[in-house]
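For reference, the structure is listed below as structure tokens.
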Amino acid sequence: MKIKYLFFVAITFASLSVSAQIKKKRPIVPVAPAAVSTDLPRPKLVVGIVVDQMRWDYLYRFYSRYQSNGFKRLLNEGFSCENTQVNYIPTFTGPGHSCIYTGSVPAITGIAANDYIIQATGQPMYCAEDTTVQTVGSTSRAGQMSPRNLLVTTVTDELRLATNFHSKVIGIALKDRGGILPAGHTANAAYWYDDKTGNWITSTYYMDDLPQWAKDFNDQKIAETYLKLDWTPLYPVDTYTQSTADNTKCADLTCENIGHIQKPGAGINPFHTCGRYFYA
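Using my numbering, read the sequence shown as starting at 193 and increasing by one per residue.
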């Protein structure tokens, strides 16, 4: 009897204890989770550089000439796409810039050449020509340009769209097509060099007036300063063993005869490999 009594008391005590714990238990208050960023990491700045007429093999052919923080750094710390084909002709700058920044070909981008014929009208067209806009930064007509003839979006356009137009895209090049086409339709600005006035200019497609920094730069007349200087190679001329002499005949044709404009005279063009040019 005592054993049963003790057992009963133990069970009852345990039941009372559990009941007491339930009564004393406070309601659970949900706690907000710690804020966790869901944003993908993005670079602050992306710079695209196109070097006109520089074939891929120049990266290796002239490797010994490059500096550690220039092309050598790109090669050693970057990624080299060495199985890339140019599947269109001709390889002019207009189609080239369009291909690089759209990932498409002239038949799709609409930029078939630097200058081409519109089949529907038979009229000639320059790849960046736009007579509906005006020059900003000079009095010449060199600013009547825009990306109007480009029929597709560029990676720079897609960047603007992906960030709800919070990102900024600016194109700069000596040639108008080099500054305009890579920057795409939604660029904040594009600037190019007007060889008639020596100014860096743009068009009303982008803005109605040059920013003050551009005006200040133009006022320095830096181009005129460079024109007064002689061009000399960085290294002694006789060390350019991977280059041919200027005006070398190739298969009975001089480089001038096959489209390469070059100043006459002796000396060496360090990047001149006659007969194997991609003309732009």
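Ideal placement from N, C-alpha and C gives every residue a C-beta, glycine not left out.
The structure presented is a predicted model; accordingly, all values stated were derived computationally and were not measured.
Over the uninterrupted alpha helix (DSSP H) stretch that includes residue i, give me the two end residues.
i, result
"residue 299", "298-301"
"residue 290", "285-294"
"residue 410", "404-411"
"residue 263", "263-269"
"residue 250", "250-253"
"residue 417", "414-419"
"residue 349", "347-354"
Bridge partners for residue i per DSSP, in chain order?
i, result
"residue 328", "394"
"residue 364", "383"
"residue 245", "DSSP output for residue 245 lists no bridge partner at all."
"residue 321", "337"
I'd like to know whether the C-beta atoms of residue i and residue j end up nearer to each other than 8 Å.
i, j, result
"residue 328", "residue 372", "no"
"residue 348", "residue 293", "yes"
"residue 263", "residue 434", "no"
"residue 395", "residue 338", "yes"
"residue 308", "residue 297", "no"
"residue 326", "residue 314", "no"
"residue 346", "residue 376", "yes"
"residue 303", "residue 316", "no"
Would you give the residue range spanned by the beta strand (DSSP E) that residue i belongs to?
i, result
"residue 280", "Counting along the chain, residue 280 falls outside any beta strand (DSSP E), and DSSP gives it neither H nor E."
"residue 308", "307-310"
"residue 318", "315-318"
Report the option in the options whose CA atom is closest to the CA atom of residue i.
i, options, result
"residue 269", "260, 277, 276, 275", "260"
"residue 276", "285, 257, 247", "247"
"residue 333", "297, 370, 254, 320", "320"
"residue 361", "342, 352, 311", "352"
"residue 300", "338, 241, 344", "344"
"residue 178", "307, 366, 434, 380", "Here the chain covers residues 193 to 472 and nothing more, so residue 178 does not appear."
"residue 244", "323, 266, 285, 326", "285"
"residue 238", "359, 406, 439", "359"
"residue 384", "369, 289, 241", "369"
"residue 183", "399, 431, 430, 386", "Outside the displayed span of the chain (193 to 472) sits residue 183, for which this structure offers no information."
"residue 406", "282, 381, 429, 290", "381"
"residue 324", "397, 401, 236", "397"
"residue 290", "322, 342, 431", "342"
"residue 322", "312, 311, 340, 306", "340"
"residue 283", "305, 379, 403, 310", "305"
"residue 374", "436, 241, 312", "241"
"residue 258", "436, 401, 427, 440", "427"
Open item on the list: Quick test of the definition: if touching needs 3 or more C-beta pairs under 8 Å, does the region 416-426 touch the region 236-251?
Closed with: no
Open item on the list: Quick test of the definition: if touching needs 3 or more C-beta pairs under 8 Å, does the region 408-419 touch the region 383-399?
Closed with: Counting Cβ pairs under 8 Å, three or more are found: they touch.
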